[in-house]
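Structure first, commentary second.
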Amino acid sequence: MNARAKMIAATREYIEAAGVPLTEFDPEFVVKMAAAMMVSYHKYGRVADAYPVKFDAVADVRARMAKYRETGNLHYLVDAANFAMIEAMHPRRDGATWGTNDAADSPGRSKVEGRRLAQEDNSGARIMGETILHHPDQIGERA
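For reference, each letter of the sequence shown is one residue, going 360 to 502 in the working numbering.
Okay, here's the thing in structure tokens:
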């Protein structure tokens, strides 16, 4: 099994161990993210040498999302995800932390017609309290 296949298999195993069906996560997308970061390393150099001092990863996320909306090219979504990851690795924002991420803190999701749903599940039922579940491997950890 090559490295790509191993990464996909490991990701699938991790997702399935949490009791989540593979319809809810795309291991191929993660592999595309890794492949793009490998190309970027050889093309541009180390991420830490550029972010956050020389470049703005959040602005890069926005630019890639705009290009995706304009073109429909899914590769821009991979790039946007990588720039979000870069911001998490090397935050430009002072005081950035891995704080809480529960339903009460969420900005919600946007419906197609533009309305924001802060506290509803896919069926329209109200979500109450803590809804973010953690992988069994993370029980007792602070991420």
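Just so you know, even glycine gets a beta-carbon here, dropped at the ideal spot from N, CA and C.
Next on the checklist: Are the CB atoms of I374 and F388 within a distance shorter than 7 Å?
Outcome noted: Your numbering for residue 388 matches position 29 in the sequence shown. Your numbering for residue 374 matches position 15 in the sequence shown. It is not a contact, given that the beta carbons lie outside the stated cut-off.
Checklist entry - How many whole angstroms separate the CB atoms of D419 and F442, which I take to be in contact at a CB cut-off of 8 Å? => result Here residue 419 is taken as the residue at index 60 of the sequence shown, counted from 1. Here residue 442 is taken as the residue at index 83 of the sequence shown, counted from 1. That pair is a contact at about 4 Å.
Next on the checklist: Any contact between the segment 462-471 and the segment 428-439? By contact I mean 3 or more CB pairs, one from each, below 8 Å.
Outcome noted: no
Item to check | From A376, H401, A368 and A455, residue whose alpha carbon lies closest to that of P386 | outcome: As a first step, residue 386 must be located in the sequence shown, where it is residue number 27. Residue A368 is the option with its Cα nearest to P386.
Checklist entry - With which residues is G479 paired in a DSSP beta bridge? => result Here residue 479 corresponds to residue number 120 of the sequence shown, with the count starting at 1. Looking at the sequence shown, residue 479 is not Gly but Glu. Per DSSP, R485.
Checklist entry - Counting only runs that start and end within the segment 394-428, where is the alpha helix (DSSP H) found for 4 or more residues in a row? => result none
Checklist entry - Where does the unbroken alpha helix (DSSP H) through N361 begin, and where does it stop? => result Numbered from its first residue, the sequence shown carries residue 361 at position 2. Unbroken run through N361: none, as it is neither H nor E.
Checklist entry - Would DSSP call R451 helix, strand or coil? => result As a working mapping, residue 451 is identified with position 92 in the sequence shown. It is coil, neither helix nor strand.
Checklist entry - Should I445 and V417 be called a contact, given that it needs their Cβ atoms to be closer than 7 Å? => result Looking up residue 445 in the sequence shown gives position 86. Looking up residue 417 in the sequence shown gives position 58. Cβ atoms of I445 and V417: not closer than 7 Å.
Item to check | Option nearest V412 by Cα separation, candidates M448, E472 and S482 | outcome: Sequence index remark: in the sequence shown, residue 412 carries index 53 (1-based). Nearest C-alpha to V412: M448.
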